[in-house]
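Structure first, then comments.
Residue numbers (the working numbering): 811 to 1090.
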């Protein structure tokens, strides 16, 4: 056991329990989650944000990788975070429970954000991040930009192409998911809705071929060889994408519920226009 970890164990036994507050502006903030990282970087005052998760540096997953390079990074370890003496730690509901529990026992205020499962949840998390950072005015400005952008990009889906999201392991997303709502806002009809998959689920390749979508939406592949992504290289999927049409999306634009989902809506809207042009 390292000396740091031993000291943390001693401090844990001695530290009082402190509840996180969302009403006093914190001055030393750490984020441990890719999605809260980005909202915090958008809204934090200069010098307010001490570090973000190391995932924020990955341009494949983070829409703000360049900005994250100017902020410190953490690896979600309780000892490294505690020794930075934060007055607020922001985490996601799926962040490392051991670290979160230990920080709380040490008296470090922790605020938990749930993932965004809808476009409305994006609004909610913008406002809440503004609240916990004491940056309500900045949050209102960001929210207005988001609402204006969403209104400008949203298209009716009744006459749009029948589209299928096809992710790693054959996962597709339904209307009760952020990805599904991005599809609808872009004016696409979601195959998952036809199949009764409201939240989403695994869509066998054979079933995908049978439903015969107008547009197949996949994510940009990661370097290397992954069994989870093997279906993306299957000849059947390659044929569907070549015949029906395709859109290749970047994870960074829709893996998190931030205003960057507008980029995903815009890209899918462009794919819709190309499909309509081909139909004429």
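Glycine included, each C-beta is placed from N, C-alpha and C at the ideal position.
Burial state of residue 1069 is buried, judged by a 10 Å Cβ sphere holding 16 or more other Cβ atoms. When the alpha-carbon of residue 909 is set against those of 885, 924, 925 and 1081, the nearest one is in 885. Among the bridge pairs identified by DSSP, residue 1012 is matched with 981. Nearest to residue 914 by C-alpha distance, out of 895, 926, 928 and 931, is 895. By the CB criterion at 7 Å, residue 990 and residue 1007 fall outside the cutoff. At the C-beta level, residue 867 and residue 892 stay beyond 7 Å of one another.
Secondary structure note for residue 882: its beta strand (DSSP E) is the uninterrupted segment 882-884.
Residue 855 counts as exposed, since fewer than 16 other C-beta atoms from the protein chains shown sit within 10 angstroms of its C-beta.
Boundaries of the beta strand (DSSP E) harbouring residue 1025: 1025-1029, taken from the DSSP string. Judged by DSSP in its simplified three-state form, residue 903 adopts coil rather than helix or strand. With 16 or more other CB atoms across the displayed protein chains lying within 10 angstroms of its CB, residue 1002 is buried. Check the Cα spacing between residue 1078 and each of 1065, 1058 and 1067: the tightest is with 1058. Under the DSSP definition of a beta bridge, residue 974 partners with 1026. Residue 986 and residue 1066 have their alpha carbons spaced roughly 15 Å apart.
When C-beta atoms of the stretch 949-961 are compared with those of the stretch 1009-1023, fewer than three pairs fall below 8 Å, so the two segments do not count as touching. Listed in chain order, the non-local C-beta contacts of residue 966 below 7 Å within the same chain comprise 997, local neighbours out to five positions each way being set aside. Fewer than three beta-carbon pairs drawn from the stretch 876-885 and the stretch 928-938 are found closer than 8 Å, and the two stretches are therefore not classed as touching. For residue 936, DSSP records no beta bridge to any residue. In terms of Cβ geometry, residue 992 and residue 1075 form a close pair [threshold 7 Å].
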